[in-house]
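Converting from the sequence shown to the numbering used here requires adding 4 to each position, the first position being numbered 1.
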Amino acid sequence: MVSGKTIESGNGPIRLGMVGGGQGAFIGGVHRIAARIDGEFQLVAGALSSSPEKAKASAAELGLDPARSYGSFQEMAKSESKRADGIEAVSIVTPNHMHWPAAKAFLDAGIHVICDKPLTSNLADAKKLAALVAKSGKVFVLTHNYTGYPMIRQARDMVQKGQLGEIRVVQAEYPQDWLTTKVEDTGAKQAVWRTDPKQSGVGGATGDIGTHAYNLARFVTGLELDSLSADLKAFVPGRLLDDNAHVMLRFKSGAKGMLWASQVAPGNENALKLRVYGTKGGIEWSQEQPNHLWFTPFGEPKQLITRAGAGAGPAAARVSRVPSGHPEGYLEGFATIYAEAARAIRAARRKNGKPAKDVVYPTIADGVEGVAFVEACVRSSNKNAAWTKL
């Protein structure tokens, strides 16, 4: 039992495998920590690198059984599906272009999938994967981790309850500065694949962090996008993918939006922000101060709602782990997605196969929409920022 939150019990931790995330990988470690936080998963197998030698060394560092350290995800899917104690779910934390083939292999083997974002490197693969997920009946979770933050759940709940009134304006931004120079030329692993169209897809900053900003805006507001106008730019000479994006948004409801994603904005580390304004009031949230949500009812003083503090409702309390005033953020946000995935996987074992209604996580549909967003941005920018349907 934690603050406002009960972890569902089951027959022990869910057996988890991982594809990618070996030595030198950042996000693999994040996923492993997140999967452990609530005790819902146990990592028991992995194909941790495309290099069999590196995969074996990585598995040894993590204490995995050598017999369950695989040289390829194909071998892992085939072998684990035959074991009585085989993995029940797999976490895919590879560069974007490997998401589709890896996910396909495990879905075909009857294994639930937890996949890092964006869903795939292109829309054609995203649609094929969506069809496969529907056919398989397996749980598919996309780790847009920021949707797991308690105050984002609070913001979403407030919008749904009409506390902001009819939404008029949405502003999302996600600036960073780590690609201000051509760091990919130094061999830095995280920069190399993110700036390579063959591994990342057609979007650079748009795909890497723009999809987070877009997903967050959609998650909180529930608004559906009609069209966009995008101006993408690779400011660093010789860079093959955009490192800055300005995107205007038109929602089907009539609301308007703006999205800025940049990895060449000195002074910004991980400055994801969301502002939503309606006829009755507005909210503001910043990822670097994740336990705070500012709410301003029109004509009244600005109010600060804090995680697990006065004014925070059940939607936030449900995914809060520690008492108010204690920092809770990035790793716990990821852990919330894993906890929701666990609830969905455990529910899939039952006859109705559906988790409780308050279980919320990014789905395959969110993944397809994210890739469609990236490709629409690229098409628009190539046409001098012409308005483009999603």
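Glycine included, every Cβ here is placed at the ideal spot set by N, Cα and C.
### Message
For Leu136 and Ser83, what's the separation of their Cα atoms in angstroms?
### Response
Cα to Cα, Leu136 sits roughly 21 Å from Ser83.
#### Entry: Nearest-angstrom Cα separation, counted from Ala348 out to Gly67
Pairing Gly67 with Ala348, the inter-Cα distance amounts to about 28 Å.
### Query
So is Glu336 buried or exposed if we call it buried at 16+ other beta carbons inside 10 Å?
Under the 10 Å beta carbon count, Glu336 is surrounded by 16 or more other beta carbons and is classified as buried.
### Task
Flag this pair as touching only if the stretch 255-271 and the stretch 141-160 have three or more C-beta atom pairs under 8 Å; answer yes or no.
With the rule of 3 Cβ pairs closer than 8 Å, the stretch 255-271 does not count as touching the stretch 141-160.
### Message
Mapping the DSSP letters down to three states, classify His35 as helix, strand or coil.
### Response
When secondary structure is reduced to three states using DSSP, His35 falls in the helix class.
### Task
Within its chain, find whatever has a CB closer than 8 Å to the CB of Gln164; leave out the 5 residues flanking it on each side and keep chain order.
Excluding positions up to five away in sequence, the list reads Gly226.
### Check whether Ser405 and Ala275 have beta carbons under 9 Å apart
What the structure shows of the chain is the stretch from 5 to 394, and residue 405 is not part of that stretch, so it cannot be assessed.
### Query
Applying the criterion that 16 or more other CB atoms from any shown protein chain within 10 Å of the CB defines a buried residue, is Thr151 buried or exposed?
Answer is buried; the Cβ neighbour count reaches 16.
### Task
Spatial neighbours of Ser13 within its chain, please: CB distance less than 7 Å, with the 5 preceding and 5 following residues excluded, ordered by chain position.
Interpretation of Ser13 is limited by its pLDDT of 41, a score under 50 that renders its predicted location unreliable; the figure taken from the coordinates is listed afterwards. The beta carbon of Ser13 is closer than 7 Å to none in its chain, skipping five residues each way along the sequence.
### Task
Determine the burial state of Pro70: buried for a count of at least 16 other Cβ atoms within 10 Å of its Cβ, exposed for fewer.
By the neighbour-count rule (16 or more Cβ atoms within 10 Å), Pro70 is not buried but exposed.
### Message
DSSP three-state label for Asp362, please.
### Response
In this structure, Asp362 counts as coil in the three-state DSSP scheme.
### Query
Does the Cβ of Thr199 have 16 or more other Cβ atoms within 10 Å, making it buried, or fewer, making it exposed?
Here Thr199 is buried: its Cβ has 16 or more other Cβ atoms, across all protein chains shown, within 10 Å.
### Message
Please report the distance separating the alpha-carbon of Gln1 from that of Lys60.
### Response
The structure shown does not extend to residue 1, since the chain spans only 5 to 394, so no value can be given for it.
### Task
Please list, in chain order, all residues of the same chain as Ile11 whose beta carbon is under 6 Å from its beta carbon, the five residues on each side excluded.
Residue placement at Ile11 cannot be trusted, given a pLDDT of 40 that sits under 50; the coordinates are not used to answer.
### Message
Distance check for His148 and Lys9, CA to CA, integer angstroms please.
### Response
At Lys9 the pLDDT is 42, less than 50, meaning the model places this residue with poor confidence; the figure from the coordinates comes in the next sentence. Near 21 Å, if we compare the C-alpha coordinates of His148 and Lys9.
### Query
Going by beta carbon distance, what residues of the same chain come within less than 6 Å of Tyr342, once the five residues before and after it are set aside?
Counting only Cβ-Cβ distances below 6 Å, and skipping sequence neighbours, we find Ala38 and Ala39.
### Message
With a threshold of 7 Å on Cβ separation, who are the neighbours of Ala415 within its own chain once the five nearest residues in sequence on each side are excluded?
### Response
Outside the modelled stretch of the chain, which goes from 5 to 394, sits residue 415, for which no answer is possible.
### Query
What residues in its chain sit with their C-beta under 8 Å from that of Asn272, if we drop five residues either side in the sequence?
Counting only Cβ-Cβ distances below 8 Å, and skipping sequence neighbours, we find Pro179, Gln180, Asp181 and Ser266.
### Message
Let's see if you can read the secondary structure: which residues bound the alpha helix (DSSP H) around Leu396?
### Response
Only positions 5 to 394 of the chain appear in this structure, which leaves residue 396 out of reach.
### Neighbourhood of Leu394 by C-beta, 8 Å cutoff - its chain only, sequence neighbours within 5 removed
Beyond the five residues adjoining it in sequence on each side, Leu394 comes within less than 8 Å, by CB distance, of Leu229, Asp230, Ser231, Leu232, Glu373, Ala376, Phe377 and Ala380 in the same chain, given in chain order.
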